[in-house]
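Chains as they are written, first to last, in my numbering: chain A, 8 to 244; chain B, 8 to 244; chain C, 8 to 244; chain D, 8 to 244.
From the three backbone atoms N, C-alpha and C, an ideal C-beta is built for every residue, glycine too.
Here is the structure we will look at, set down as structure tokens.
There are 4 protein chains.
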Amino acid sequence: MAQQPTAERPTSGQATEPAGAEPAAPMPSTEKGRDTRRRLMKAAAQLYEKGYANARITDITEAAGLSAGAFYRYFEDRQQLTRELLREMMDEMYVFIRSPFDETQPIRSVLESTRKYFEFYEAHRALLGVVVELSQTDAEVAQLWDAAKRAFNDRIVRSLERGIAAGQMRGDLDLALAAEMLRSMTEYYAFQRFVLNGSGLSDVPLEQATNAIAEIWISGMGLDREPATKRTAPSGA
Amino acid sequence: MAQQPTAERPTSGQATEPAGAEPAAPMPSTEKGRDTRRRLMKAAAQLYEKGYANARITDITEAAGLSAGAFYRYFEDRQQLTRELLREMMDEMYVFIRSPFDETQPIRSVLESTRKYFEFYEAHRALLGVVVELSQTDAEVAQLWDAAKRAFNDRIVRSLERGIAAGQMRGDLDLALAAEMLRSMTEYYAFQRFVLNGSGLSDVPLEQATNAIAEIWISGMGLDREPATKRTAPSGA
Amino acid sequence: MAQQPTAERPTSGQATEPAGAEPAAPMPSTEKGRDTRRRLMKAAAQLYEKGYANARITDITEAAGLSAGAFYRYFEDRQQLTRELLREMMDEMYVFIRSPFDETQPIRSVLESTRKYFEFYEAHRALLGVVVELSQTDAEVAQLWDAAKRAFNDRIVRSLERGIAAGQMRGDLDLALAAEMLRSMTEYYAFQRFVLNGSGLSDVPLEQATNAIAEIWISGMGLDREPATKRTAPSGA
Amino acid sequence: MAQQPTAERPTSGQATEPAGAEPAAPMPSTEKGRDTRRRLMKAAAQLYEKGYANARITDITEAAGLSAGAFYRYFEDRQQLTRELLREMMDEMYVFIRSPFDETQPIRSVLESTRKYFEFYEAHRALLGVVVELSQTDAEVAQLWDAAKRAFNDRIVRSLERGIAAGQMRGDLDLALAAEMLRSMTEYYAFQRFVLNGSGLSDVPLEQATNAIAEIWISGMGLDREPATKRTAPSGA
DNA sequence: TATGAATGAGTGTTCATTCAT
DNA sequence: GATGAATGAACACTCATTCAT
Numbered sequence: 008m009a010q011q012p013t014a015e016r017p018t019s020g021q022a023t024e025p026a027g028a029e030p031a032a033p034m035p036s037t038e039k040g041r042d043t044r045r046r047l048m049k050a051a052a053q054l055y056e057k058g059y060a061n062a063r064i065t066d067i068t069e070a071a072g073l074s075a076g077a078f079y080r081y082f083e084d085r086q087q088l089t090r091e092l093l094r095e096m097m098d099e100m101y102v103f104i105r106s107p108f109d110e111t112q113p114i115r116s117v118l119e120s121t122r123k124y125f126e127f128y129e130a131h132r133a134l135l136g137v138v139v140e141l142s143q144t145d146a147e148v149a150q151l152w153d154a155a156k157r158a159f160n161d162r163i164v165r166s167l168e169r170g171i172a173a174g175q176m177r178g179d180l181d182l183a184l185a186a187e188m189l190r191s192m193t194e195y196y197a198f199q200r201f202v203l204n205g206s207g208l209s210d211v212p213l214e215q216a217t218n219a220i221a222e223i224w225i226s227g228m229g230l231d232r233e234p235a236t237k238r239t240a241p242s243g244a
Numbered sequence: 008m009a010q011q012p013t014a015e016r017p018t019s020g021q022a023t024e025p026a027g028a029e030p031a032a033p034m035p036s037t038e039k040g041r042d043t044r045r046r047l048m049k050a051a052a053q054l055y056e057k058g059y060a061n062a063r064i065t066d067i068t069e070a071a072g073l074s075a076g077a078f079y080r081y082f083e084d085r086q087q088l089t090r091e092l093l094r095e096m097m098d099e100m101y102v103f104i105r106s107p108f109d110e111t112q113p114i115r116s117v118l119e120s121t122r123k124y125f126e127f128y129e130a131h132r133a134l135l136g137v138v139v140e141l142s143q144t145d146a147e148v149a150q151l152w153d154a155a156k157r158a159f160n161d162r163i164v165r166s167l168e169r170g171i172a173a174g175q176m177r178g179d180l181d182l183a184l185a186a187e188m189l190r191s192m193t194e195y196y197a198f199q200r201f202v203l204n205g206s207g208l209s210d211v212p213l214e215q216a217t218n219a220i221a222e223i224w225i226s227g228m229g230l231d232r233e234p235a236t237k238r239t240a241p242s243g244a
Numbered sequence: 008m009a010q011q012p013t014a015e016r017p018t019s020g021q022a023t024e025p026a027g028a029e030p031a032a033p034m035p036s037t038e039k040g041r042d043t044r045r046r047l048m049k050a051a052a053q054l055y056e057k058g059y060a061n062a063r064i065t066d067i068t069e070a071a072g073l074s075a076g077a078f079y080r081y082f083e084d085r086q087q088l089t090r091e092l093l094r095e096m097m098d099e100m101y102v103f104i105r106s107p108f109d110e111t112q113p114i115r116s117v118l119e120s121t122r123k124y125f126e127f128y129e130a131h132r133a134l135l136g137v138v139v140e141l142s143q144t145d146a147e148v149a150q151l152w153d154a155a156k157r158a159f160n161d162r163i164v165r166s167l168e169r170g171i172a173a174g175q176m177r178g179d180l181d182l183a184l185a186a187e188m189l190r191s192m193t194e195y196y197a198f199q200r201f202v203l204n205g206s207g208l209s210d211v212p213l214e215q216a217t218n219a220i221a222e223i224w225i226s227g228m229g230l231d232r233e234p235a236t237k238r239t240a241p242s243g244a
Numbered sequence: 008m009a010q011q012p013t014a015e016r017p018t019s020g021q022a023t024e025p026a027g028a029e030p031a032a033p034m035p036s037t038e039k040g041r042d043t044r045r046r047l048m049k050a051a052a053q054l055y056e057k058g059y060a061n062a063r064i065t066d067i068t069e070a071a072g073l074s075a076g077a078f079y080r081y082f083e084d085r086q087q088l089t090r091e092l093l094r095e096m097m098d099e100m101y102v103f104i105r106s107p108f109d110e111t112q113p114i115r116s117v118l119e120s121t122r123k124y125f126e127f128y129e130a131h132r133a134l135l136g137v138v139v140e141l142s143q144t145d146a147e148v149a150q151l152w153d154a155a156k157r158a159f160n161d162r163i164v165r166s167l168e169r170g171i172a173a174g175q176m177r178g179d180l181d182l183a184l185a186a187e188m189l190r191s192m193t194e195y196y197a198f199q200r201f202v203l204n205g206s207g208l209s210d211v212p213l214e215q216a217t218n219a220i221a222e223i224w225i226s227g228m229g230l231d232r233e234p235a236t237k238r239t240a241p242s243g244a
């Protein structure tokens, strides 16, 4: 019951759409048209740096070097553009972050993933800020995000399950739950650092923070820092 | 008492106004006036449940049973009201969450704090959602929140330092940094669960999640689970 | 036909009153009441320095040390107060400016009158600015002012007629018309100097300007600088 | 050409903005746009007949056959439109009034200028009323007007200086000062007659008033009425 | 007599969206 | 495909005025 990402549809004013399949403006047929469409998305993504709420449609078209009316040849409204932008970004993210988990070097594996995560987050901080800004009020964005997070969680759990199989992990732990928590920690640190410009955080180099995070992952997961197999039986297993 | 969460600490990033004590409309002189003012704040806090952006001023006055113009007798604009609301909430939070840290029962202490935190977060989820929604674009809110988070961090660190003194903590740890991470984890879990209605989270009872979080705190901090026994009987077990 | 001071009644919005005898709020019966009323008028007169349009009723009451509601115990609205203020001022002016015209010393007489006029104008520049500001749109003020100007003209003409009788004035002159023009000159100089802070005027000492004005009066009226009687027949006439 | 009436001359008194070229909404690129802009200005100019304060923005757009929002495509606010209107009018005025000063026929020259002045004033009385209404409170308008008046004064003085060279003028006169006074007289007469509908003035035909004014200019300047005869026959009369 | 809370009509301004060219 | 003029609903905010205390 806790999960209701589609609940909470705003009542008054600028409400969100009924969440059907994106209809309206079809993909432009010409090459030029598709290019213009891209330019609009790019312009929007950049402007979102200053907050979704602060980017008017005319700001977007202007940044794209177009007139106001042009927008509607390509998008129904700003929300459609935004959702598309976010969907794309989340897909990229899922692909980009992937890094093989080497059970023999858990800490190095975690560090690697975390670094990649931060790298992506920083590069896309404008859009990731939008996700947070909109998720409370836009049901579709909330749903998009929910799905993305679950996919991440699942992948993490799958990775870690191999670790369990290898016997390096605390058995008394609800694995999925811990992954959720630790992923939350990482994500929120990135949000605070890259989107909120360090609000509430101590001013340390990113590398140091990354290390601290990795430590907590390791200890939280109950992984040994240098796996038992290696330590006790360098040859065996 | 030394830690005032609302203390004016300069934040990083996009600074703006000097943010002194809100001047504008002074406190109403009559009891009735003060009551009306309260009513407006209460009404706003409730409406914010559906998103800050969706609560118009007339919605607020209407919910408070007043005409539109009345608002401006008490507040300069919606932002002033909101800031005041948030400041108040953060102050309350700081007081409410406090719970003595018993070094002999670290896990129980962490559990207790976490439970209280969640209790408060859930009760004030509308405003806490506003904080997140606004922090990206409203520099004053960002500053308020920054200060509040730092105050929390400091208090946590102070609590834990006693643990260190007693020798129960990993020495190789950057204490403040770890506290920051773990606090982030807890905060974000609450945000996802109470504000985003569980978006991205598995559907477990709150108590179970709280336990998982506490485990991670303990292991992340390098605290022994039952230090008391250890301390009095270093050889035993 | 040129004279239509009561024409031009504004149509939309904040129109003027139907120009009846000031009804409503009667003179307060107590001493204290009358004093408060005075205070309001004084406060208004002062605030009008920054323009009639910029003085809100609450500004006036505040300046008088009263609450907003108090205003309406003493005046129907701001226009009533203003009209009363203007009427009073014009009456004072008429009395204050009076100075005997000595036919044997026309230039000295003109100088004297002009000096007094300027003295009064400067002291009451706030209200005299209001007269100009309102005359275009407030028919009652226009009428008040029209009457005041005519009274002045008449008195000037009467003074000068004695000069004519003494044979010192150009016969080919329409006396009333010339007086009108010269009075206009003086009035407008004062307006520009005291109300518009010298807009469009060269920056000379008031005394010098006064002299220049007197010269023009004298020459414009065709008065000898030292009257013929004195010059040719010091004893006679 | 040296005298630009709109030249940025620092005014005295309550200075405000730098008053550079109005940026804001740029000139519309299409013919239709420019036409609409013109229509708005024309509509405003007409409505100002009933007083600046009584012309709301919707009145203006309505009179121009447009919706309310259209206004802001062309102007920042009513003040910008008004300033532009006034600037334009003052420039036109400066050009229109020009009439060659014939030293051999001073009175005819003065009459001619005065007639033209009145003609222009009457045709633009709505805007000229606005100038007076606003100059007290709008620093930019005050500055505009100040500059325009100075340009006029300067031109008058230059005209008259030729008279001096020919020896027809009172030497004891501060020329610029007298010009200022006489210009004030003429301007104020026009204001009273055309804007205030004759308030305070006797009801004479315009031609008669014009003659009286010219007489005063001539005598005030110390110009002979028929200098030509005098000049060629210095001994005569 | 005075207070100040409350009203509500009025107005300026913004901005997504449509549409003729 | 693109323009930019035009719309109009939405909203914030002001201020004279009323009224219970």
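(Q) Can you confirm whether A:Ser166, when its beta carbon is compared against all beta carbons of chain B, has any partner nearer than 8 Å? (A) Not one chain B Cβ lies under 8 Å of A:Ser166.
| field | Nonlocal neighbours in the same chain, by C-beta distance under 7 Å from A:Val117, ignoring five residues either side | value | Excluding sequence neighbours, A:Val117 sits near Ala221, Trp224, Ile225.
* 4-residue-minimum alpha helix (DSSP H) runs that sit fully inside the segment 113-169 of chain D, ordered along the chain -> Secondary structure in the segment 113-169 of chain D: the alpha helix (DSSP H) runs of 4 residues or longer, each lying completely within the stretch, are 113-130, 132-142 in chain order.
Measure the alpha-carbon distance for A:Leu182 versus B:Phe108 and round it to whole angstroms. Going from the Cα of A:Leu182 to the Cα of B:Phe108 covers about 27 Å.
task = Compare the C-beta of C:Leu208 with all C-beta atoms of chain D and state if any pair is closer than 8 Å.
result = Contact of C:Leu208 with chain D is assigned, a C-beta pair being separated by under 8 Å.
Compute the Euclidean distance between the alpha carbons of A:Ala32 and A:Gly76, then round it to the nearest angstrom. When rounded, the separation of the alpha-carbon atoms in A:Ala32 and A:Gly76 is 13 Å.
Note to self: So, does the segment 82-93 of chain A touch the segment 37-54 of chain A, judging by three or more C-beta pairs under 8 Å?
What the structure shows: Between the segment 82-93 of chain A and the segment 37-54 of chain A, the count of Cβ pairs shorter than 8 Å is three or higher; the stretches touch.
Going straight from the alpha carbon of A:Ser142 to that of B:Lys39, what length do you get? Their Cα atoms are separated by approximately 38 Å.
Reducing DSSP to helix, strand and coil, say where A:Asp66 ends up. Looking at A:Asp66 - three-state DSSP - the assignment turns out to be helix.
Ordered along the chain, which non-local residues of its own chain (more than five positions away) have a Cβ less than 7 Å from that of D:Ile104? Excluding positions up to five away in sequence, the list reads Ser120, Lys123, Tyr124, Phe127.
* Closer than 8 Å to chain B by CB, A:Glu214 -> Judged by the 8 Å Cβ criterion, A:Glu214 is not in contact with chain B.
### Message
Out of C:Ala185, C:Leu203, C:Asp153, which one is the CA nearest neighbour of D:Asn204?
### Response
Here the closest residue by C-alpha is C:Asp153.
Fill in: Classification of D:Asp84 by the beta-carbon crowding that lies within 10 angstroms, buried from 16 upward
Exposed is the call here.
task: Mind checking which residues open and close the alpha helix (DSSP H) that includes C:Asp42?
output: Counting along the chain, the alpha helix (DSSP H) containing C:Asp42 begins and ends at 38-54.
Note to self: With the cut-off set at 8 Å, would you say D:Glu194 and C:Tyr195 are in Cβ contact?
What the structure shows: Yes. Within cutoff.
Quiz prompt | Delimiting residues of the alpha helix (DSSP H) encompassing D:Ser191 | solution = It spans 182-197 - the alpha helix (DSSP H) in which D:Ser191 sits, taken as one unbroken run.
- Task: For B:Ala62, I'd like the list of residues in its chain whose CB is within less than 7 Å of its CB, leaving aside the five on either flank, ordered along the chain.
- Result: Ala51, Leu54, Tyr55.
*chain C residues whose Cβ lies nearer than 8 Å to that of D:Pro157*: First, the amino acid is wrong: residue 157 of chain D is Arg here, not Pro. Annotation: Cβ neighbours of D:Arg157 in chain C (cutoff 8 Å, chain order): Gly207.
Local conformation of D:Asp109 per DSSP, three classes: Three-state result, D:Asp109: coil.
Find the nearest neighbour of B:Met34 within the set B:Gly58, B:Phe82, B:Ser74, judged by alpha-carbon distance.
When only C-alpha atoms are compared, the closest one is B:Phe82.
| request: Specify the secondary structure class of D:Ser209 as computed by DSSP and reduced to three states. | output: In the three-state DSSP reduction, D:Ser209 falls in the coil class, being neither helix nor strand.
**OP:** Within the same chain, show all residues whose beta-carbon is closer than 8 Å to that of D:Gly227, passing over the 5 residues directly before and after it, in chain order.
**Re:** Excluding residues within five positions, the ones whose Cβ falls inside 8 Å are Ala185, Met188, Leu189.
Expected contact under 8 Å - CB spacing of A:Ala155 and A:Met97 to nearest Å
The Cβ separation is near 4 Å, so the contact holds.
Practice prompt. Give the range of the alpha helix (DSSP H) segment to which C:Arg85 is assigned.
Written response: Segment 85-104, the alpha helix (DSSP H) holding C:Arg85.
- Can you tell me whether C:Arg214 is buried or exposed, with buried defined as 16 or more other CB within 10 angstroms of its CB? It is Glu, not Arg, that sits at residue 214 of chain C in the sequence shown. Counting Cβ neighbours within 10 Å, C:Glu214 comes out exposed, since fewer than 16 surround it.
Checklist entry - Going by alpha carbons, who is nearest to B:Arg200 out of B:Ala146, B:Glu110, B:Ala133? => result Checked all of B:Ala146, B:Glu110, B:Ala133; the closest Cα to B:Arg200 is B:Ala133.
Task: Same chain, Cβ closer than 8 Å to B:Arg169, neighbours up to 5 away in sequence not counted - done: Same-chain partners within the cutoff: Phe108, Glu110.
Comparing C-alpha positions only, which one of B:Ile114, B:Pro113, B:Tyr59, B:Glu99 sits nearest to B:Leu88? Selected option, being the one with the closest Cα: B:Tyr59.
Residues from the segment 191-206 of chain D in contact with chain C, defined by Cβ distance under 9 Å: Listed by position, the residues of the segment 191-206 of chain D near chain C (Cβ gap below 9 Å) are Ser191, Met192, Thr193, Glu194, Tyr195, Tyr196, Phe198, Gln199, Arg200, Val202, Leu203, Asn204, Gly205, Ser206.
Open item on the list: For B:His131 and A:Glu147, I'd like the C-alpha separation in whole angstroms.
Closed with: Spanning the two alpha carbons is a distance of roughly 24 Å.
Check the Cβ-Cβ distances between A:Met188 and every residue of chain B, and say whether any is below 8 Å. So, interface residue.
Worksheet item: With a CB to CB cut of under 7 Å and the five nearest residues on each side skipped, what residues in its chain are close to A:Leu208?
Response: Within the same chain, and ignoring the five residues on either side of A:Leu208 in sequence, the residues whose Cβ sits closer than 7 Å to its Cβ are Gln199, Arg200.
Q | Straight-line Cα distance separating D:Asp66 from B:Ser206 | A | Their backbone Cα atoms lie some 51 Å apart in a straight line.
Counting only C-beta atoms, is A:Ile104 closer than 8 Å to chain B at any point? Closer than 8 Å: no.
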